[in-house]
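For the sequence shown, this note's numbering begins at 2 and goes up steadily by one. Where a beta carbon is used, it is the ideal one built from N, C-alpha and C, also for glycine.
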Amino acid sequence: MSGFLNIILMKKIFLFCLTGLFVLNFSIWACEKETPDVPDDNPKEDTLKIQIVPKIIGFVPYEVSESSGMVMTTPGKIWSHNDSGGKNELYCIDFNGHVLKTLAISNATNVDWEELAADNQKRVYIGDFGNNNNVRKDLVIYRIPDPETISGNDVEAESIFFSFEDQIAFPPPSSERNFDVEAMVWKSDSLFLFTKDRSSPLTGYTKMYKLPASPGTHIARSAGRFYMGNTTTAARVTAADIDPQSGDLALLVQERLIVFRNYPGNQFFDGKVTEYPFVPTPGQVEAIFFSGAKTLYMTEEIASVENGKLYELTLP
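Given below as structure tokens:
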């Protein structure tokens with residue numbers, strides 16, 4: 002009889018242990034399910050954050066009231082433009098806010114110019130790719146010679162037409178509206194575009210696309226993405242530039258500058274990341290350019306009561 006009781010007792014112990022193991026596994030599974038997905042390409046844990054104070058060094062003239070892109074091919078002379086609704090013109094301004102020259106792009110229309118970039122021959126690329134509603138099928142980048150070499154007041158541009166390889170709906174569902182572009186850089190005979198996330202709900206990502214920097218019709222190929230943040234002021238990229246000497250890439254959002262350094266090849270997002278929050282936060286800023294590895298310039302759009310400001314950013 003005692004042997005029979007022992008068998009019954011062992012079975013009860015076995016069932017009790019099995020039940021406990023099931024409860025433990027279920028609890029672990031439940032915890033895992035309750036944990037929200039975290040983007041696998043968040044800013045790295047070793048990201049540095051260094052506050053910087055934008056220094057006002059001048060003002061933007063009224064002619065460039067919605068300055069949305071900047072390059073400087075000659076020291077002391079800034080080329081800029083207005084965005085949607087503006088004229089098909091570039092404006093050369095100095096640091097005192099004077100317009101030195103106006104250059105019309107004779108065969109172009111300003112649907113929504115958003116960015117300028119320059120290559121190693123000082124040719125300038127004008128990005129007509131503003132796409133707030135993600136509906137455009139006429140995206141184009143204009144290329145002109147170094148504007149400092151143009152004697153007249155107008156020039157005919159070469160055209161680089163493109164479309165995104167992964168956009169199949171115009172517009173896509175609201176949760177996938179990440180095809181607006183306001184940032185572009187040139188590197189190694191290619192153009193790199195960075196999207197301004199207009200998805201709802203906000204995804205927080207900027208997507209990077211690559212296409213040839215040559216006239217013709219091209220497909221912009223996906224080249225990576227980077228998690229910028231969970232608010233519109235933290236996530237929406239409005240400008241970019243790359244320092245030709247160091248290769249450092251800077252992305253601008255409303256509240257800070259993010260710089261990528263020491264990356265392999267053209268994999269910018271695999272580099273060392275430093276964030277530079279602005280103190281105080283400026284008005285609407287949509288244009289930057291490097292003037293040396295530690296200095297950038299940034300413009301602010303004109304507010305209703307005063308001219309927009311020209312800022313100098315010094316990176317420590």
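Thinking just about the alpha-carbon of each residue, which of the options is nearest to the one in residue i?
i       : options                               : result
Asp-95  : Ile-303, Tyr-298, Glu-302 and Glu-307 : Tyr-298
Trp-187 : Pro-172, Lys-56, Leu-250 and Asn-97   : Leu-250
Gln-168 : Ile-151, Glu-276, Val-125 and Ile-220 : Ile-220
Glu-307 : Arg-199, Tyr-63 and Arg-257           : Tyr-63
Thr-196 : Ile-142, Phe-130, Val-182 and Gly-205 : Val-182
Thr-48  : Ser-247, Ile-142, Ile-259 and Asp-120 : Ile-259
Lys-295 : Pro-317, Thr-282, Val-274 and Val-280 : Pro-317
Gly-266 : Gly-248, Tyr-277 and Glu-302          : Gly-248
Asp-190 : Pro-278, Thr-239 and Lys-123          : Lys-123
Asp-139 : Phe-163, Ile-151 and Glu-149          : Phe-163
Gln-268 : Ala-214, Met-185 and Ala-224          : Ala-224
Gln-246 : Leu-194, Leu-192, Glu-149 and Phe-291 : Phe-291
Pro-146 : Asp-129, Arg-137, Phe-130 and Asn-121 : Asn-121
Val-72  : Thr-232, Ile-151 and Ala-240          : Ala-240
Thr-233 : Asn-263, Gln-285 and Pro-281          : Gln-285
Thr-150 : Ile-142, Val-136, Val-125 and Arg-137 : Val-125
Glu-177 : Ile-161, Ala-214 and Val-136          : Val-136
Phe-60  : Thr-75, Ala-170, Gly-272 and Asn-97   : Asn-97
Thr-103 : Pro-148, Met-209, Gly-272 and Thr-75  : Pro-148
To which residues of the same chain is residue i closer than 6 Å at the C-beta, ignoring the five residues directly before and after it?
i       : result
Asn-7   : In this prediction, Asn-7 has a pLDDT of 47, which is less than 50 and means its spatial position is unreliable; what the coordinates show is noted afterwards. So no residue of the chain qualifies.
Glu-159 : Arg-144 and Pro-216
Ala-31  : Residue confidence is low: Ala-31 scores 38 on pLDDT, short of 50, so the model does not pin down where it sits. No coordinate-derived value is stated.
Gly-87  : Asn-111
Ile-9   : Only weak support exists for where Ile-9 lies, its pLDDT of 45 falling under 50; the coordinates are left without a value.
Leu-212 : Phe-163, Leu-192, His-219 and Ala-221
Ser-201 : Ser-175
Ile-142 : Tyr-126, Gly-128 and Ile-161
Between which residues of its own chain and residue i is the CB-CB distance below 8 Å, once the five residues before and five after are set aside?
i       : result
His-82  : Val-65, Ser-68, Ser-69, Gly-70, Glu-90, Leu-91, Tyr-92, Asn-111, Trp-114, Leu-117 and Ile-127
Val-101 : Contrary to the premise, residue 101 reads as Leu rather than Val in this sequence. Answer for Leu-101: Lys-78, Cys-93, Ile-94 and Asp-95, listed in chain order.
Asn-132 : Asp-113, Leu-140, Phe-180, Asp-181 and Val-182
Gly-293 : Asp-244 and Gln-246
Ala-214 : Asp-120, Tyr-126, Arg-144, Ile-161, Trp-187, Asp-190, Ser-191 and Leu-192
Might you give, ordered along the chain, the residues of its own chain that have their beta carbon closer than 7 Å to the beta carbon of residue i, omitting 5 neighbours on each side?
i       : result
Asn-134 : Pro-172
Phe-227 : Asp-42, Tyr-206, Thr-207 and Phe-270
Asp-198 : Asn-179, Thr-204, Gly-205, Tyr-206, Thr-207, Ala-236 and Arg-237
Glu-157 : Ser-107 and Asn-108
Arg-257 : Glu-276, Tyr-277, Pro-278 and Phe-279
Ala-105 : Asn-89, Glu-90, Asn-154 and Asp-155
Pro-55  : Phe-279, Pro-283, Met-299, Tyr-312 and Leu-314
Glu-166 : Ile-220, Ala-221, Arg-222 and Ser-223
Gly-230 : Gly-205 and Ala-236
Ile-51  : Thr-275, Tyr-277 and Pro-317
Ala-327 : As shown, the chain starts at 2 and ends at 317. That puts residue 327 outside it, with no answer to give.
Ala-304 : Gly-284
Ile-57  : Lys-310 and Tyr-312
Just curious, the beta strand (DSSP E) that residue i is in, first and last residue?
i       : result
Ala-251 : 250-253
Thr-239 : Here Thr-239 belongs to no beta strand (DSSP E), and DSSP marks it neither H nor E.
Ala-288 : 286-291
Ala-221 : 217-228
Arg-257 : 257-262
Val-72  : 68-75
Tyr-63  : No beta strand (DSSP E) holds Tyr-63; DSSP gives it neither H nor E.
Ile-161 : 159-165
Leu-311 : 310-315
Phe-195 : 191-197
Pro-213 : 206-213
Leu-297 : 296-301
Val-186 : 181-188
Thr-275 : 273-278
So does residue i have its beta carbon nearer than 8 Å to some heavy atom of the ligand ZN?
i       : result
Gly-309 : Among the ligands in the structure shown, none appear at all, so the ligand ZN cannot be discussed.
Q | Given 8 Å, three or more beta-carbon pairs between the segment 248-267 and the segment 72-86 | A | Taking 8 Å as the limit for Cβ pairs, the verdict is that the segment 72-86 does not touch the segment 248-267.
Q | Whole runs of the beta strand (DSSP E) within the segment 80-147, excluding any shorter than 3 residues | A | For the beta strand (DSSP E) assignment, the uninterrupted runs of no fewer than 3 residues enclosed by the segment 80-147 are, from N- to C-terminal side, 90-94, 100-106, 114-119, 125-129 and 141-145.
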